[in-house]
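Under numbering that gives the first Met the number 0, think of the first position of the sequence shown as 0, with each following residue one higher.
Every residue, glycine too, gets a C-beta built ideally from N, C-alpha and C.
Fair warning: this is a prediction, and the values are worked out from it, not measured in the lab.
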Amino acid sequence: MNQSLLGSFFWRSRAVVLLTLCALSGMSAQADEKTIKTQFDGVWQTTLSCASSNGALGYSFRFPSTIKNGILHGEKGAPHEPGWLQIDGSLGSDGVADLYVDGLVGASAAAVGQRPAGTQYGYHVSARFTADRAEGHRVEGRPCTVLFTRET
0 MNQSLLGSFF
10 WRSRAVVLLT
20 LCALSGMSAQ
30 ADEKTIKTQF
40 DGVWQTTLSC
50 ASSNGALGYS
60 FRFPSTIKNG
70 ILHGEKGAPH
80 EPGWLQIDGS
90 LGSDGVADLY
100 VDGLVGASAA
110 AVGQRPAGTQ
120 YGYHVSARFT
130 ADRAEGHRVE
140 GRPCTVLFTR
150 ET
């Protein structure tokens, strides 16, 4: 075999090996993606309600939350403006969720201590998800519930 044919054979063989490795790598990434996806993934209608407490008026908000790969994120309002809040956290395969609400006071009459609009607050929510609904409760501070219903 002459030098030119040998070189051509070498480069073609190398290309086949590289293409095969790329294809196998893509399959592995797809398999990982499928194993990360959870039974709870999807869009959930979220209703966060806090009762009147310690001189603060009660309130209730509805907004969508999304669960992807077992991670929940929901947001209401314009980011970093008074009245904005977000809820984030992770779900276990059993549906138990450890969530955190982070927000800015919208109306001081609804804030314990009548804190001014724009004041930052945060609290933990413990929740349990089933196939189509979930209920959570604020861990510290005033009594609040968070209800989730899966959108179809």
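Can you look up residue i in the DSSP assignment and give me helix, strand or coil?
i    : result
Q113 : helix
D131 : coil
F9   : Any reading at F9 must be qualified, since the residue scores a pLDDT of 41, below 50, and its modelled position is unreliable; no value is offered.
P142 : coil
A50  : coil
S59  : strand
S107 : helix
Q119 : strand
A96  : strand
L18  : Its pLDDT being 39, under 50, L18 is placed unreliably by the model, and the measurement read from it follows with that caveat. If DSSP states are grouped into helix, strand and coil, L18 belongs with the helices.
What is the C-beta distance between residue i and residue j, in whole angstroms, given that I count them as a contact (C-beta under 8 Å)?
i   : j   : result
I66 : D40 : 5 Å
Among the candidates the options, whose CA atom is the shortest distance from the CA of residue i?
i    : options                 : result
W83  : S51, A116, H123 and S52 : A116
S59  : H79, T118 and V145      : V145
F62  : K75, Y122 and V124      : K75
T118 : V124, S89 and H79       : H79
P81  : R114, D131 and A126     : R114
S125 : C49, S89 and A106       : S89
Could you check whether residue j and residue i sit closer than 8 Å to each other, using their CB atoms as the reference points?
i    : j    : result
G73  : T37  : no
Q85  : D101 : yes
V104 : Y120 : yes
Q44  : T129 : no
R141 : A55  : yes
E150 : V42  : yes
C143 : L47  : yes
S51  : G57  : yes
Y99  : H123 : yes
Within 8 Å (strictly less), CB to CB, does residue i reach chain C?
i   : result
G54 : In the structure shown, chain C cannot be found, because there is only a single protein chain.
Flag residue i as yes when its Cβ comes closer than 7 Å to any non-hydrogen atom of the ligand ATP, and as no otherwise.
i   : result
G88 : Because no ligand of any kind appears in the structure shown, any question about the ligand ATP cannot be addressed here.
Open item on the list: With three or more beta-carbon pairs closer than 8 Å as the criterion, would you say the region 105-117 touches the region 86-94?
Closed with: Between the region 105-117 and the region 86-94, the count of C-beta pairs closer than 8 Å stays below three; the two stretches do not touch.
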